[in-house]
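Below: one structure, written as C-alpha cells.
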Amino acid sequence: MNSPKIGLYAGSGTSHSWLWFVDLFEKAGFYNLAFPDEFCVQNDGIKDLDVLVVSGGDTFAVAYSLGEAGGLNIKSFVEQGGVYIGSCAGAYLPMKSSQKPLDLFNFVDVKITNLSKLFPGEEIQTCKSCAAYGHDFVFHPVREALALKTTSFLNADKRFEFDAPLYGGPGMKAHDPSWVLANYTGFTPKTVFFTSHEIADKTLMGNGAVVRVPLKKGCFYLLGPHLEHPKFKQANQFIIDAVIRETGMARNPVELENKKERYAAKEKLSGKKAKELLLCIRRELSNSRIVTGSLEFLPVQWLIGQKVYEPQKIRVYLESMWKRLRFLGKKKVLILDPGLSERIIHASSQITIELRRIKQQIDENLDSLKTAIIIFDLLHILSISFFELYFGTMFNGMDPYHERLKSKTS
Amino acid sequence: MEYLSTDKILIIDLSTAEVEEEELDESLVEEKIGGIGITKYLYNKYVDDDPIVIGTGLLTGTTYPASAAGQITAKSPVTGKVCHCPVIYKTGVEIKYSGFDYIVVKGSSPSPVYLWIHDGVADISDAADVWGKDVWESTDELRKFVGDDLLQTMMIGPAGENGSDYAQVCYNHWNSPDRFGFGKLFGAKNLKGFAFRGMGLIEVAEPEDYVERSLEILKEVKENSFLEKKGLAQILTALGEEGVEEWIEPVTHRHSADYFTPYASNTALFLDEDPGLLEESKKDEPGVLVSDIYALLGFKNLGLSADDAGRALKACAKYGIDPFAVAELGGKTTLEEIKGSFDSISGEVAIPARGLFTPWCPTGPLFNDFGLEGEDEIMAWWERRQAISMIFGIQPLFALMCPELTEENMLELASLGTDLELTQETLDAVIDYIFG
Numbered sequence: 001m002n003s004p005k006i007g008l009y010a011g012s013g014t015s016h017s018w019l020w021f022v023d024l025f026e027k028a029g030f031y032n033l034a035f036p037d038e039f040c041v042q043n044d045g046i047k048d049l050d051v052l053v054v055s056g057g058d059t060f061a062v063a064y065s066l067g068e069a070g071g072l073n074i075k076s077f078v079e080q081g082g083v084y085i086g087s088c089a090g091a092y093l094p095m096k097s098s099q100k101p102l103d104l105f106n107f108v109d110v111k112i113t114n115l116s117k118l119f120p121g122e123e124i125q126t127c128k129s130c131a132a133y134g135h136d137f138v139f140h141p142v143r144e145a146l147a148l149k150t151t152s153f154l155n156a157d158k159r160f161e162f163d164a165p166l167y168g169g170p171g172m173k174a175h176d177p178s179w180v181l182a183n184y185t186g187f188t189p190k191t192v193f194f195t196s197h198e199i200a201d202k203t204l205m206g207n208g209a210v211v212r213v214p215l216k217k218g219c220f221y222l223l224g225p226h227l228e229h230p231k232f233k234q235a236n237q238f239i240i241d242a243v244i245r246e247t248g249m250a251r252n253p254v255e256l257e258n259k260k261e262r263y264a265a266k267e268k269l270s271g272k273k274a275k276e277l278l279l280c281i282r283r284e285l286s287n288s289r290i291v292t293g294s295l296e297f298l299p300v301q302w303l304i305g306q307k308v309y310e311p312q313k314i315r316v317y318l319e320s321m322w323k324r325l326r327f328l329g330k331k332k333v334l335i336l337d338p339g340l341s342e343r344i345i346h347a348s349s350q351i352t353i354e355l356r357r358i359k360q361q362i363d364e365n366l367d368s369l370k371t372a373i374i375i376f377d378l379l380h381i382l383s384i385s386f387f388e389l390y391f392g393t394m395f396n397g398m399d400p401y402h403e404r405l406k407s408k409t410s
Numbered sequence: 411m412e413y414l415s416t417d418k419i420l421i422i423d424l425s426t427a428e429v430e431e432e433e434l435d436e437s438l439v440e441e442k443i444g445g446i447g448i449t450k451y452l453y454n455k456y457v458d459d460d461p462i463v464i465g466t467g468l469l470t471g472t473t474y475p476a477s478a479a480g481q482i483t484a485k486s487p488v489t490g491k492v493c494h495c496p497v498i499y500k501t502g503v504e505i506k507y508s509g510f511d512y513i514v515v516k517g518s519s520p521s522p523v524y525l526w527i528h529d530g531v532a533d534i535s536d537a538a539d540v541w542g543k544d545v546w547e548s549t550d551e552l553r554k555f556v557g558d559d560l561l562q563t564m565m566i567g568p569a570g571e572n573g574s575d576y577a578q579v580c581y582n583h584w585n586s587p588d589r590f591g592f593g594k595l596f597g598a599k600n601l602k603g604f605a606f607r608g609m610g611l612i613e614v615a616e617p618e619d620y621v622e623r624s625l626e627i628l629k630e631v632k633e634n635s636f637l638e639k640k641g642l643a644q645i646l647t648a649l650g651e652e653g654v655e656e657w658i659e660p661v662t663h664r665h666s667a668d669y670f671t672p673y674a675s676n677t678a679l680f681l682d683e684d685p686g687l688l689e690e691s692k693k694d695e696p697g698v699l700v701s702d703i704y705a706l707l708g709f710k711n712l713g714l715s716a717d718d719a720g721r722a723l724k725a726c727a728k729y730g731i732d733p734f735a736v737a738e739l740g741g742k743t744t745l746e747e748i749k750g751s752f753d754s755i756s757g758e759v760a761i762p763a764r765g766l767f768t769p770w771c772p773t774g775p776l777f778n779d780f781g782l783e784g785e786d787e788i789m790a791w792w793e794r795r796q797a798i799s800m801i802f803g804i805q806p807l808f809a810l811m812c813p814e815l816t817e818e819n820m821l822e823l824a825s826l827g828t829d830l831e832l833t834q835e836t837l838d839a840v841i842d843y844i845f846g
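Have a look at this one:
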C-alpha cells in the first residue's frame, strides 16, 4: 500500500497558504507530495495524483494562469477518480461563474452567499473586505475564527463542532443539500467583523462551510475557511480524515521497480558538496529573513492582482524552509533531481538581491510593486524547489505512511 | 552545549579564507564557565596565530539583569599584554543571537575584508567598498547593503587602517571601552570589522525558574535609589566631579541603556539639532552617543564647551580613535586642533592593576560602597568584579553599581540555565586562570 500522492498547487496566483498544507500533510505522515505549477497542470502533470489541493490566493490569477488547458485537466482528473481540495480561492475556482476566465472552471453547482449585486458601500469597512467579482462584488463580512458544525451527511451518528479561520473564503449554498458536510454555526470571540452582525449572520450562518461535490468517479472538496491553518488542529484533522476516507489507498500504486528506477535517476550529494549546498541555502535564507524582519517594521503592502500582500507573508515562505533546514542537515545524503541544486541556489540568491532592492526602494519612497511581484514569484519557485529537495531527501526510498500502517497492524 | 549557548565556536583563518566550526563542549563550560574564561582559553589555544577572540558571557542575552556584554580578548598593541574589552550597547547580545558563542580570528587577510555573521553563517566579505571610510559611513553602508537598520557592527575607522596605537574597535557608530588599541590589531589583519545579525533563540534548561529568579533579582535591583539617576554626568558627579551636569545639560538630548540594563549609562548629545526635540530627528547626524565618562571629562578639563566636547567625541567616533587618549595625550585645547591631532597621538594611558581590564570603567564602586575600605581592597574588588562581569556577560559599569548582582546569584542562574553544576570553587579557579 502506498501513501496517496498529493499535489499542492503552487503556481501563480496562490498565496502562502499552500505552505500550511505542506505542514499539515507532513505532520500527518503523508510524505508523497508533489508541487505542480500551472505548466505542470496544463501539461498532464496531475494525472498520477490522488489528491490535488488548490489553496488560497487570488482566484482570478489562478484561473488566468491555469487557463483552459488547466481547467480541462482538472476536470478530467476528478472525473477519473481524483480528489480536488480547494481552500478559500481554491474553493471559489470550480464554482459556476460567467466571468472570464472563471467560466473555464464551471464544474460544481454551488452558489456563493457572500456575493452582492451592488457595491456594499459604507457597511464594508476595509479594502480587504470587498473585491469586484465580475459584475458582482464578493464581500467578506468577517475574518478570523468561526464556529463550524458537521452535518448528518458526513456522519449521521456523530456531528461535531470545530473552529476554523475565514480569510475571504466563501459561504456556500449547494444545489444538493447532501453535499454540505459542515455549516457555519456561530461567531467566536476571535471573529473580527467587517459588517454589522446582522449582515454577517445572514450571509454565513447556516450556510455551507465545507461542501463535497461528486463528479463521476471523483469529487471536489470546497473549504470556505482555511481548515489547514496550523493553529486549528481539529480543522486540520477534518482534512486528514477526508483524504483517508476518499483515497483509502493510492489510486496509482508505484511499483518497486519504478521506485528503484526513479531513485537511480536522482542526483545524490554527500560530504562537502551536500554541506556546501545547505550552507548556501542557509546563507541566503538568513539574508532574506533579516531584510524581511526589517520590512515588517515599515507601513507597506502591495496589491498584486486582487490580493493584498504584506511583508509578513514573505516571512511565512522563508520560515517554512528555514525550520526544515536542520533536518536536512542531519541527512548524510541529499537526493534531488538533476539541476535542482542550481535552481535553488539561483532563486535563493535572487530573493536576497530583490529583497534588499525593495528595502531601498521603500526607504527612498520609490514604487516597489514590480519588485514585490518578482519577489513573490521567486518565493514560489524557491519553495517548490526546496520542498522537492526536502521531501525527496527525507523520504525517498521509504514510505512512512506505509510503515505507519504496518506498525499499527502489527 | 545545549543551553544558554549556540553550541558553536567559529574559527576563521583570514590568511586562507577558511571558516571552521567547532562545538562548544559542555566540559569546557564546566571548567571555564564562559566569557573571558573561554576567550582566554581559546586565545592560548591559537596563540601562534596571533588571534583576536570575540566572545559572549554565559548569561549574555538572557533575562538576567544587565546581561548585555560580549568580550574581545587579544594581545594589546599598546600594553603587549593579553587584555579583555567589553562589547556593550546592543552589540554584545547580537553576537550570541547571530549564532556563535565565540569567534576566533586567526592570521591576516591579503586584502581588506569584513566578517558578516548571521544566523550561524559566517561570510568573509570583500571590504573594498568600506575600506578607507570612517566608522559611521562603514556602518551605514553595511546596514544599507544588508537591508537592516538593526544590524550591529564592530568596525574600525581610518585610525585602525592607518595603524594608530589608539585605534579603537567601535560598536555601531559609537566609541567603545577599547583602551587597548585593538583597532590597530584589526587594521593589521586587514579586517575592517564585523557585522552581526541573528534571529535565533537561546534555549534555557529551566526556563520558568530562570525567568522567575531573574525577575526577583531585577525587583531587588530596582529598589536602589540610584536608579532615579541617568546618564554619564550623574556618574561623574557620584565620582566627585563637580559642574559636569550643568556643563552638559544644554546639549543633552536623552539617555539610553544597554540591553536589559536598568541604568541608562549612555548619553546622547544633540549638536546640530534642538536637544529638546521630542520626535525622531530628520537630520542625518543630529549628534553623538557617548558612553565614555573619562573621555567626556577629559575634554571638559581641556576647557572645551560641552558642544565642542560633543563634536570632538563625534570626530573620534568617526575616525575610530580612543577619545580618552586624544584628550589625555594629544596636548591640544581647541576643537580644530584636536581634530587635527588624531594621527599623532602617542604616549601611554595608564591601565590599572594587572592591566587586563579597561579603565573605561571607574576603578571602584559607583553609587554604592559595597562595604569596601582602603585602596588595595577596592582595587582587588574592582579587578575581580570586572572579571566576573566578563565571565557572565554583565554590563561592566552596572556591575560596579549594583550589589544585588552577586556571584552567588550569577552562578545560581548559570546553573539553572544550563543544568550544569557550577560552583564558587569553579568560579574562583576561572578567575585565577584569568589573572594568571
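Chains as they are written, first to last, in my numbering: chain A, 1 to 410; chain B, 411 to 846.
Idealized CB from N, CA, C, for every residue including glycine.
At a cut-off of 8 Å between beta-carbon atoms, Val-556/B makes contact with chain A. If you compare the alpha carbons of Gly-171/A, Val-51/A, Leu-336/A, Arg-356/A with that of Glu-246/A, the shortest gap goes to Val-51/A. The beta-carbon distance between Glu-261/A and Leu-340/A, rounded to whole angstroms, is 18 Å. This is too long to meet the 8 Å contact definition. For the stretch 605–630 of chain B, the set of positions with a beta-carbon nearer than 9 Å to some beta-carbon of chain A reads Arg-607, Gly-608, Met-609 in chain order.
Residue environment: Gln-481/B is assigned as buried (16 or more neighbouring CB atoms within 10 Å of its CB, all protein chains considered).
The beta carbon of Asp-559/B is closer than 8 Å to those of Arg-553 in its chain, skipping five residues each way along the sequence.
Neighbours of Ile-290/A in chain B, taken as residues whose beta carbon is under 9 Å from its own, are His-528, Asp-529, Val-556, Gly-557, Asp-558, Leu-560, Leu-561, Arg-607, Gly-608, Met-609 in chain order. Residue Leu-637/B holds the alpha-carbon nearest to the alpha-carbon of Tyr-673/B among Ser-751/B, Leu-637/B, Leu-821/B, Ala-790/B.
Contact check for Ile-761/B against Thr-489/B passes: the beta carbons are separated by less than 8 Å. Within the same chain, Phe-137, Phe-139 come within 6 Å of Ser-116/A by CB-CB distance, once the 5 residues on both sides are set aside. Residue state for Met-800/B is assigned as helix, using DSSP reduced to three classes.
The alpha carbon of Phe-107/A has as its nearest neighbour, out of Ser-368/A, Phe-220/A, Asp-377/A, the alpha carbon of Phe-220/A. In the DSSP annotation of this structure, the continuous segment of the alpha helix (DSSP H) that includes Ile-314/A starts and ends at 311–329. Around Asp-533/B, the beta-carbon contacts reaching into chain A at under 8 Å are Arg-283.
Take Arg-357/A, set aside five residues on each side of it, and the residues of its chain with a beta-carbon closer than 8 Å to its own are Thr-371, in chain order. Non-local beta-carbon contacts of Phe-767/B in its own chain, meaning distances under 7 Å to residues more than five positions away in sequence, involve His-494, Glu-793, Gln-796 in chain order. Residue state for Asn-183/A is assigned as strand, using DSSP reduced to three classes. At a cut-off of 8 Å, the C-beta of Gly-293/A has a neighbouring C-beta in chain B.
The DSSP-derived three-state label of Gly-502/B is helix. The count of Cβ pairs closer than 8 Å, one atom from the stretch 417–433 of chain B and one from the stretch 506–515 of chain B, reaches three, so the stretches are in contact.
Within a 10 Å sphere around the beta-carbon of Lys-275/A sit fewer than 16 other beta-carbons, which makes this residue exposed. Chain B places a beta carbon closer than 8 Å to that of Lys-359/A, counting this residue as a contact. Spanning the alpha carbons of Val-211/A and Asp-619/B requires a straight line of approximately 49 Å.
For the stretch 339–373 of chain A, the residues whose beta carbon sits under 9 Å from a beta carbon of chain B are, in order, Thr-352, Leu-355, Arg-356, Arg-357, Ile-358, Lys-359, Gln-360, Asp-363. Sequence-distant Cβ neighbours of Lys-190/A in its own chain, meaning closer than 6 Å and more than five residues away, are Glu-144, Ala-145. Cβ atoms of Tyr-524/B and Val-540/B come within 8 Å of each other, at about 7 Å. Nearest CB-CB separation between Ser-65/A and chain B: not below the 8 Å threshold.
Phe-596/B and Leu-279/A have their C-alpha atoms some 27 Å from each other. By the neighbour-count criterion, in which a residue is buried when 16 or more other Cβ atoms sit within 10 angstroms of its Cβ, Arg-607/B is buried. Nearest to Leu-93/A by C-alpha distance, out of Glu-79/A, Val-53/A, Gly-82/A, is Val-53/A. His-346/A sits in a helix when the DSSP states are folded into three classes. Under the Cβ distance rule, Leu-279/A counts among the residues neighbouring chain B, one pair being separated by less than 8 Å. Taking the CA atoms as reference points, Phe-386/A sits about 11 Å from Leu-318/A. For the stretch 200–231 of chain A, the beta-carbon criterion of a distance under 9 Å to any beta-carbon of chain B is satisfied by none of its residues. In the DSSP assignment, Phe-606/B is bridged to Ile-527/B, Gln-562/B. Annotated three-state conformation of Ser-15/A is coil, per DSSP.
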